[in-house]
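J.: Residue numbers (the numbering used here): 200 to 362.
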Amino acid sequence: MQIEVRAYQKQDLLDMIRIWNEVVEEGIAFPQETLLDAQTGETFFAEQTYNGVAVDTDTGQVLGLYILHPNNVGRCGHIANASYAVCAKSRGLHIGERLVSDCLEKGRLYDFRILQFNAVVASNIHARHLYERLGFVPLGIIPKGFRMKDGHYEDICPYYHEL
200 MQIEVRAYQK QDLLDMIRIW NEVVEEGIAF PQETLLDAQT GETFFAEQTY NGVAVDTDTG
260 QVLGLYILHP NNVGRCGHIA NASYAVCAKS RGLHIGERLV SDCLEKGRLY DFRILQFNAV
320 VASNIHARHL YERLGFVPLG IIPKGFRMKD GHYEDICPYY HEL
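(1) What do you get for Ile413, buried or exposed, if any count of 16 or more other CB atoms within 10 angstroms of its CB means buried?
(2) Please classify Cys275: is it buried, with 16 or more other beta-carbons within 10 angstroms of its beta-carbon, or exposed?
(3) So Tyr207 packs on Gly251, CB below 8 Å; how close in whole Å?
(4) Measuring only the C-alpha atoms, how far is Ile355 from Ala228?
(5) Hey, quick one: how far does the beta strand (DSSP E) through Phe244 stretch, first residue to last?
(6) Suppose only complete runs of 4+ residues qualify. What are the alpha helix (DSSP H) ranges in the segment 296-347, listed by chain order?
(7) On the DSSP bridge list, what partners appear for Ile282?
(8) Between the segment 338-349 and the segment 215-223, can you find at least three pairs of beta-carbon atoms closer than 8 Å?
(9) CA-CA distance, Ala237 and Gly306?
(10) Assign Asn271 to one of two classes, buried (16 or more other C-beta atoms within 10 Å of its C-beta) or exposed (fewer than that).
(11) Under 6 Å Cβ to Cβ from Met200, same chain only, skipping five residues before and after it: list those, please.
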């Protein structure tokens with residue numbers, strides 16, 4: 200399997216929406232609770248600064264994606280935020296690492312100076328280990344900052360990486 204990370208194209212939208220919704224439905228990583236449909240998904244992805252997709256070049260199937268956008272405005276507009284989603288059947292293939300690495304490069308191209316994650320769920324150890332291996336700095340813990348799908352609360356860990 201050959202995987203390429205590239206900018207999304209209109210024909211990727213249905214796969215992107217499916218993968219995004221899969222993570223939202225899991226209820227253990229993204230704060231969103233509302234699923235995207237074709238119209239809201241197209242609008243949502245169009246509003247981002249950049250959308251990257253990981254594509255199996257043999258099949259053309261989108262296996263994962265990321266969104267990159269400002270974390271704030273004005274005097275804090277140089278700080279970016281990003282979210283990553285990999286379809287469940289493709290997890291463990293290091294697609295997340297490819298997406299995060301590409302995002303760091305694109306963040307620099309779009310003149311962001313910092314990439315900040317506001318709410319990495321503490322139990323998401325695979326993501327946390329990846330971020331730390333790629334040079335992200337943990338900023339502490341926000342106790343019970345994330346409501347899991349089953350209703351219990353877990354800590355969140357903000358991270359940042361200077362670009």
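Glycine included, C-beta positions come from ideal geometry on N, C-alpha and C. Note that the structure is predicted; figures quoted are calculated from it, not measured.
T.: Quick answer:
(1) Given that the chain is displayed from residue 200 to residue 362, the structure contains no residue 413 and the question cannot be resolved.
(2) With fewer than 16 other Cβ atoms within 10 Å, it is exposed.
(3) Contact between Tyr207 and Gly251 holds: CB atoms are separated by about 7 Å, below the 8 Å threshold.
(4) When rounded, the distance between both Cα atoms is 10 Å.
(5) From DSSP, Phe244 is part of no beta strand (DSSP E) but of the alpha helix (DSSP H) over 237-245.
(6) Listed in chain order, the complete alpha helix (DSSP H) runs (minimum 4 residues) inside the segment 296-347 are 324-332.
(7) Residue identity check: residue 282 is Ser in the sequence provided, not Ile. Looking at the DSSP assignment, Ser282 forms a beta bridge with Ile266.
(8) Short answer: they don't touch.
(9) Rounded to the nearest angstrom, the two C-alpha atoms are 27 Å apart.
(10) Answer is exposed; the Cβ neighbour count stays below 16.
(11) The beta carbon of Met200 sits closer than 6 Å to those of Asp255, all from its chain and outside the five residues before and after it, given in chain order.
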